[in-house]
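Protein chains in written order, with this note's numbering: chain A, 6 to 442; chain B, 6 to 442.
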C-alpha cells in the first residue's frame, strides 16, 4: 500500500516536473525569437545593427540573433548584460555578466557600454534591444548626482519590505541614467526595435527590465510616494533627485520614440499554455488562473490551496484529475533568518494549507531557474511531503516561520534544481488534483 | 460620458447586489429546512421532541421547525440561542439572544438550559439540534475548573492573532462543557438528529458551531499546540485542563453516538450556485472558485484580483462578461485602530489591487449580514471607487493600513447594509469583469 502510494507520488511528481519543463521550453529564446527576426532580415538597416540587451535571457537572446541574422556579419555588433551564470558564448555581441538582484559594478559598466554603443548612430542604423526579466537590476547606472551605493540601498530596502515589482521598477527608473526610455533617447535618431520576454503580468513593455527603450508613464512623484508608502529612508541625494524632478523620464508621445517598435516574443501566458498541453496529454484537465497572481507568498498559498481543496472535495471549479496553473510574482516579507525564494516559500505554505490531502501535489518554481538568490528553481511537493518531513524531524511550521523553505525542501530532497534556464517569465505554479476516488 | 459610466456602474452594482441577495436567499432556513423536516414528520418520536440549537440562524431555524412540525404541538419544546438582533418569535421553543463573537453570560445560561432540557430523556424521545455558524461563540459553557473570563481571554486572543477558524474551534471544544459532542452525550439515550447550515469549507459537521452533537476527532494536545503556535499565554487553569486531559471530548466511534444522524441543509456551495444562476440570467459567465478560500483578507484580495485582471486582459481563466464567485473565510490580523470586518477589508485591498481597472467591480459580504462586529454585511466597489474616494479626500492605502475599511466605504456610501440575515454560510465574494471592449 505504501509502495503503491510511493509509485503514484513519483508519477505525479514526474508529471509536475514535465509541466514545468514544457513551460520553460516554450519561452526559450532559441524557440521564440526566430519568428520575430524574420522581419529584421526582410528589411535590414542600411547601416549598422547594434544589439543591446539586459536580463536573465539576454545572452541566449543575443545568441539566437547571431544564429538567425542574415545580414552582413560585419555590420552586427553590440553588448548585452545577463546575470552571473546566465551567459552563453556569442561571436559578435559582447556578453557581460553582472549581479542580480542587487546591482554591482559590472552591471554599471555594461550599462555605460550600451549607452556608448548607441551614441552617434544615424537614422540608417538600427538598434535591437533584447529585454527580459532581471534587466532592471542588471542594467544599473545611477542618474547623475547619486551613487550606486544609494541605488543599492534603496533596491535592497524595496526588495525586503514586500513592495510589488512595478513599484520597485518605478523607483528604479527614476534613479537611473539608462532605464525608463533613456537608452532609446541615447540611440536617437536610430530607430530602436525592442524584443522582450515578459516577466510581468499583463506584459507591459514599459515595465520589463524597467523599459530602457520605452517611454515611461510614471513620474518622480510616484517614486516618492512608493518610498514613503514603505517608510524607506532614502539617502538625501535620492530624495533630492526625485523632488527636483531631475530624474524625470521621457513620456509616452515623445516624438523621438515614434519610429521605434516593440514586441513581446514570449510570456507567462505561452508558458502556462504549454504546461496545460502537457497536462491534457496526460488526461489531466488544466485550469489556467492567469499570469497575474500577486500577494505575500504564504497567503497566496492559502488562497490557491483553498481552490485546490474545493476541486478535490466538490469538483469546483474543475473536476479531478485536474491541475491549477498560474503565473505572476508573489512577494516575501522576510522576518526569519532562513534560506529560500518566494516559490519554495509558497510551496511550503501550500503543503501546510493542503493538510496532507492525499490527492494534492504541487510544484512552484521560478522559470529563470533561480528562486530568489538560491541555487534551486523552486520545489515540488506530493501528498506525503509533510509526513516525509516529519519522519526526518523537520517542522514545516517552524521552517515557514523562519523563511527557511529551502532548508525544509532540501531536507527531503524536494528541491527542483535546473540551473539558469536563460529565459524568464516569472513564477510557475501547478497544483495537481489527482483523480483517485 | 461620465453619465454613461455612472449608469453602467449603477447596473453592475445592482447585479452584484442581486447575486449576493440570491446567495443569502438560497440558504435561508425557511427555504432549506422544510425538506429535511419531512423525514421527522414521517417518523415522529413516540415521546417528546426537544429542539436545541445555536448559531446566527438558530431562531429562524426554530421558527421553520415550528411551522413545519406535523406532530403533537404539546410534545414540542426546547431552547435555542442566537446572536443579539438575530432572534425571531417562536411559540414553543425558547429563543435566547447572546453575544458574538466573544461569549457572555446569556450564552452561558442558554447552554446550561439546553443541557438541562436534554437531561433525563429516554430512547423514545428525540433531540433535534439546529446548528449554524456563530454557534461556537453563542454556546459558551466553560468546562469544570475554568471561568467564562478564561474562555473569553483565549477566544479574544485567537480571534486577534489570525488563527484559522478550525483552530479556534478546536481550542473552544476542549474548554467547553457542551461542545465537541458533549450536548449529545447529555441527551443519551435519546437519539439526536442534527440539521446544520454550514459556514465551514468542506462542510465538516464536527466543526459547525464546534459540533455540540458530533463526536470530535481533535484532542487536548491539538488545542495546546494551537495555543503555542500563536504564542497565546492562556490562564493556568486552561493549560491545566488541557494538559490533564480532563477536557477530552468523545471520539468518533463512541457507541453512544451510533443512533444519531446529522445533515447539512445549506452550505456556501448552494449560495454560490444561486449567485451563479443570477449571473447567467444576466448573460454573465460565473466561475465558482469554491467555498474554501482562506488567508489574510488583504492578500487574498491580491490573489483573486490577479485572477480577475487576467480575465479582463486575456479572458483567462474565463472570458468577460464573467464573475468570479467564492466563499470561505479570510482572516484579518489587526494592526490598526480602524473599523471594519474581513469582507470590507478584502474589498478595500481588492480596490487597490485592481488599480481602478475600468471593467472590474466587486462585492464582498458576510452572508450573516454582519461583517465582523459592525452593522454592515460588507461593501461593494465599482471601477470608480478609488476615484470617488479620492474626490472625498479618502486615502485608500491609509484606511487599509489602519484596518479602517468600514470608514472608507462608509465615506463613499458603498457599505452593504442588510441587517441580520438569520442564516450564515460565511463569506460571499463576487468579482465582476464586465464585457466592454
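We put the beta carbon where it would ideally sit given N, CA and C, even for glycine. What you are looking at is a predicted structure, and each value in this text was computed from that prediction instead of being measured.
Q: Taking residue 167/A as the query, report the chain B residues whose CB atoms sit under 7 Å from its CB, ordered along the chain.
A: By Cβ distance, chain B contributes nothing, its closest Cβ being about 10 Å from residue 167/A, past 7 Å.
**Q.** Under 7 Å by beta carbon: chain A residues contacting residue 304/B
**A.** Using a Cβ-Cβ cut-off of 7 Å, residue 304/B is close to 300, 301, 304 and 305 of chain A, given in chain order.
Q: Please list, in chain order, all residues of the same chain as residue 363/B whose beta carbon is under 6 Å from its beta carbon, the five residues on each side excluded.
A: 388
**Q.** Residues near residue 343/A in its chain [Cβ-Cβ closer than 8 Å; skip 5 each side]
**A.** 404, 407, 408, 409, 410, 411 and 412
Q: Starting from the Cα of residue 341/B, find the closest Cα among 150/B, 86/B, 77/B and 165/B and give me that residue.
A: 165/B
Q: Under 6 Å Cβ to Cβ from residue 173/B, same chain only, skipping five residues before and after it: list those, please.
A: 163
(Q) Let me check understanding here. Comparing Cα to Cα, which of 86/B, 226/B and 51/B lies closest to residue 128/B? (A) 51/B
**Q.** Listed by chain order, chain A residues near residue 234/B by CB distance under 8 Å
**A.** 402
Q) Mind pulling the chain B residues with CB within less than 7 Å of residue 297/A? A) 311, 314 and 315
Q | Extent of the continuous alpha helix (DSSP H) to which residue 70/A belongs | A | Counting along the chain, residue 70/A sits inside the alpha helix (DSSP H) bounded by residues 63 to 73.
Q) Any Cβ of chain B within less than 9 Å of the Cβ of residue 274/A? A) yes
Q.
Cutting at 7 Å between CB atoms, please list the residues of its own chain near residue 155/B, excluding the five before and the five after it.
A. 147, 240, 242 and 243
Q: Please confirm if residue 293/A has its CB atom under 9 Å from at least one CB of chain B.
A: Yes, contact with chain B.
Q | Interface residues of the segment 325 to 341 of chain B facing chain A [CB-CB below 7 Å] | A | 333
Q) Which residues, taken in chain order from the segment 194 to 217 of chain A, show a beta carbon closer than 8 Å to some beta carbon of chain B? A) 206 and 207
(Q) When you compare the CB of residue 358/A with every CB in chain B, is at least one pair closer than 9 Å? (A) yes
Q) Would DSSP call residue 99/B helix, strand or coil? A) strand
Q | Cβ neighbour criterion (16 or more within 10 Å) applied to residue 427/A | A | Answer is buried; the Cβ neighbour count reaches 16.
(Q) Using 8 Å for Cβ pairs, my map puts residue 180/A next to residue 159/A. What's the rounded Cβ distance? (A) Right, the Cβ-Cβ distance comes to about 7 Å (below 8 Å), so this counts as a contact.
Q: Give a yes or no on contact between the segment 257 to 277 of chain A and the segment 299 to 311 of chain B, applying the rule of three or more CB pairs nearer than 8 Å.
A: no
Q) So, using beta-carbon positions, are residue 13/B and residue 85/B closer together than 9 Å? A) no
Q | Whole-angstrom C-beta distance between residue 381/A and residue 421/A, which should lie under 8 Å | A | Yes, they are in contact, since the Cβ atoms of residue 421/A and residue 381/A sit about 6 Å apart, within 8 Å.
(Q) 9 Å is my cut-off, CB to CB: does residue 308/A come that close to chain B? (A) yes
Q: Report yes or no: is there a C-beta of chain B within less than 9 Å of the C-beta of residue 368/A?
A: no
Q) DSSP puts residue 271/B in a beta bridge; with which residues? A) 202/B
Q) What is the rounded straight-line gap between the Cα of residue 103/B and the Cα of residue 276/B? A) 26 Å
Q. Between residue 107/B and residue 232/B, what straight-line distance do the alpha-carbon atoms span, to the nearest angstrom?
A. Distance between the alpha carbons of residue 107/B and residue 232/B is about 17 Å.
Q. With 9 Å set as the bound, which would you pick, yes or no: does the beta-carbon of residue 170/B sit closer than that to a beta-carbon of chain A?
A. no
Q: Use the C-beta contact count for residue 248/A: other C-beta atoms within 10 angstroms, 16 or more gives buried, fewer gives exposed.
A: Residue 248/A comes out exposed.
Q: State the start and end residues of the unbroken beta strand (DSSP E) segment that holds residue 56/A.
A: 54 to 59 is the extent of the beta strand (DSSP E) around residue 56/A.
(Q) At the 9 Å Cβ level, is residue 15/A part of the contact set with chain B, yes or no? (A) no
Q) Run through DSSP, which three-state label would residue 88/A get? A) strand
Q.
Give me the chain A residues within the contact set of residue 318/B, using Cβ-Cβ distance strictly less than 7 Å, ordered along the chain.
A. 207
Q) Any Cβ of chain B within less than 9 Å of the Cβ of residue 321/A? A) It does: the Cβ of residue 321/A has a partner Cβ on chain B nearer than 9 Å.
Q: Please list the segments of the beta strand (DSSP E) lying wholly inside the segment 260 to 341 of chain A, counting only runs of 3 or more residues, in order along the chain.
A: The beta strand (DSSP E) runs of length 3 or more contained entirely in the segment 260 to 341 of chain A are, from start to end of the chain, 266 to 271, 290 to 293 and 327 to 331.
Q: Please report the residue range of the beta strand (DSSP E) in which residue 424/A lies.
A: Per DSSP, residue 424/A is not a residue of any beta strand (DSSP E), being assigned neither H nor E.
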